[in-house]
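Residue numbers (the numbering used here): 1 to 346. Just so you know, even glycine gets a beta-carbon here, dropped at the ideal spot from N, CA and C. In what follows, a single structure is set out as C-alpha cells and then discussed.
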Amino acid sequence: MMDTDVQITKRKDFLPLTEELETYLDEFGRHYSLPASYKDLLGFTESYPLDDKNGNPTHWASVLYPRELQDELYPRLTSIYSLLRTGDLHAVPHLFVERVDYCEFGNSRPFRVRVVNQYNDNYDHFYVKTADASRVYGLELEHLLSPNRINYLAQRNTLVEEHIAGVPGDVFIRDHLDRPDVNKVRIAKEFVKFSERCFLRLLGDMRSYNYVIDITPDFEDVQYRVRAIDFDQQSYEGRRSLYLPQFFKENNPVVWLCGKLLNLPTMNQYQDEERSLIARRYISEHQRITALLQIMKNNPREPAEKVAQLARELGEYHHSDAFDTCDSMGAVVERNLEVTLGRHLV
Numbered sequence: 001m002m003d004t005d006v007q008i009t010k011r012k013d014f015l016p017l018t019e020e021l022e023t024y025l026d027e028f029g030r031h032y033s034l035p036a037s038y039k040d041l042l043g044f045t046e047s048y049p050l051d052d053k054n055g056n057p058t059h060w061a062s063v064l065y066p067r068e069l070q071d072e073l074y075p076r077l078t079s080i081y082s083l084l085r086t087g088d089l090h091a092v093p094h095l096f097v098e099r100v101d102y103c104e105f106g107n108s109r110p111f112r113v114r115v116v117n118q119y120n121d122n123y124d125h126f127y128v129k130t131a132d133a134s135r136v137y138g139l140e141l142e143h144l145l146s147p148n149r150i151n152y153l154a155q156r157n158t159l160v161e162e163h164i165a166g167v168p169g170d171v172f173i174r175d176h177l178d179r180p181d182v183n184k185v186r187i188a189k190e191f192v193k194f195s196e197r198c199f200l201r202l203l204g205d206m207r208s209y210n211y212v213i214d215i216t217p218d219f220e221d222v223q224y225r226v227r228a229i230d231f232d233q234q235s236y237e238g239r240r241s242l243y244l245p246q247f248f249k250e251n252n253p254v255v256w257l258c259g260k261l262l263n264l265p266t267m268n269q270y271q272d273e274e275r276s277l278i279a280r281r282y283i284s285e286h287q288r289i290t291a292l293l294q295i296m297k298n299n300p301r302e303p304a305e306k307v308a309q310l311a312r313e314l315g316e317y318h319h320s321d322a323f324d325t326c327d328s329m330g331a332v333v334e335r336n337l338e339v340t341l342g343r344h345l346v
C-alpha cells in the first residue's frame, strides 16, 4: 500500500453507445424504451442548494420545474422507477416523486430522483444520467466480476441506475473510522480486496467519495463491503496508478490503517483470495464477458495515447510482453484479467 497522490486533471470525454453495444444491452435485458430522457430533466427553471440532515452543504441542488412540465414529467419518472424495480412500465398509483436533485460536480452530471410511497412514507432513489459507453462497460464488469449485482437501464443518450446503499467513503472515514466499535482489521482487509477488484478490471478514480461502505451486522460482529458507485473511469486513463485506490490522498487514513494492521503476507493472502473469487465469476460468465470485451475492442474510442501508456505501464508492472499488441482498452482489460488471474483460470 502507498499513499502517493494522483490526480485526474481533465474531465473525460463521453463515449457514445454504439449499435453493437445497444444490441448487447438488449440481449441481456438492459436496453429499454424509457418514458423520459436525461434531456427532459434539464427543463428545470430554478434550483436551491441541498444540505444534508446535519445542515452541511452537499454537491447537490434540488431543482424546480414549471407546473405544467412537472405534472407531465413526474408520472413518467415513477414509471421509470417501476420499470427499474419490477420490469413493469406502468406507474404505481401510490408512488410519487417528492424531489429531483441535480449534481454538477459529477462527470455525468446526474439527476437523483426521490420516490416516496404515500402509504408509509418510505422512500427510495434512482439516478438519471447521460449515457456513456465507458460507464456502461464499468457497470457491466461490476455486475459480472464483483460480488455485487447492478441494476440499470439504458436507451440511446440516457442511463438509469438504482441507488447503491451504504455510507459514503469520505463520510465513513471522517465520522466512523475512529469509533471504538469499528472492527478496523476487517475494514483494512476489505479495502485490500476492494483495491484488488478495482485493479483487476481497471476501474479508476476510486477516491473516497466514489465508493460506499456497506455495513452488515453478523452474528458476532460486523462485516464491511466497499462498493464502487462511480464507473465513469472504467479503463479510460493511461496511468496505472489511477486504478489503485491506495494512490489517492483521500484514502490515506485507510491506507495507513492497512499498513498498521496487516503485514505483507496477509495482504498477499487477501489479494489471492479475491483473485480466486473473481476467476470463478470470470469462468462462469465467460461467454458474456468475452462478448462485452469484444465490443470494447471493436470500438476503441479512448484516446490512443492513453491506451499505449496503460499497456506499457501494465507490461512493466507484470514483467510481461502480453500487453505489447493491445490497441484498445478492451484488449488491455482482457490481458490484465488473464495475466493477473493466471493460475486461477486453469
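Contacting residues, own chain, Cβ-Cβ under 7 Å from residue i (five flanking each side not counted)
i	result
L83	Y32, L89 and L153
G77	It is worth fixing the name first, because residue 77 is Leu in this sequence and not Gly. These residues qualify, in order along the chain: A36, V97 and V113.
Y38	V128, K129, T130, N157 and T158
Y243	C198, F199, L202, L203 and G204
Reference residue i; option with closest CA among the options
i	options	result
V100	K306, F126, P57 and K260	F126
V116	Q246, L177, G55 and Y74	Y74
E190	I80, V222 and A165	V222
R227	R207, P217, E237 and S241	R207
D181	V192, K129 and E220	E220
V63	G238, L144, P49 and Y224	P49
L341	Q294, R281 and Q287	R281
N251	F172, D26, R288 and L292	F172
D214	D175, G166 and R240	G166
R174	G29, V254, M296 and R149	V254
H143	F231, P303 and N107	F231
8 Å CB neighbourhood of residue i in its chain, flanking five on each side removed
i	result
V332	L202, S235, V307, L310, A311, L314, F323 and C326
E46	V63 and L64
Three-state class that DSSP yields for residue i in the structure shown
i	result
T9	Confidence at T9 is low in this model, with a pLDDT of 48, below 50, so the placement of that residue is unreliable and no value is reported for it.
S241	helix
F111	strand
L64	strand
P16	coil
S47	strand
E196	helix
V160	strand
V346	coil
V136	helix
A308	helix
D71	helix
H286	helix
D170	helix
Which residues DSSP lists as bridging residue i, in chain order
i	result
N117	L95
D40	For D40, which the question treats as bridged, DSSP gives no partner whatsoever.
P57	D51
Residues of its chain near residue i, where Cβ-Cβ distance is below 6 Å and the 5 sequence neighbours each way are ignored
i	result
H344	R275, S276 and A279
D124	V115
V92	S82
*Would you mind listing the alpha helix (DSSP H) stretches within the segment 247-271 that are 4+ residues and don't spill past its ends, in chain order?*
252-261
*Counting only runs that start and end within the segment 214-238, where is the beta strand (DSSP E) found for 3 or more residues in a row?*
222-228
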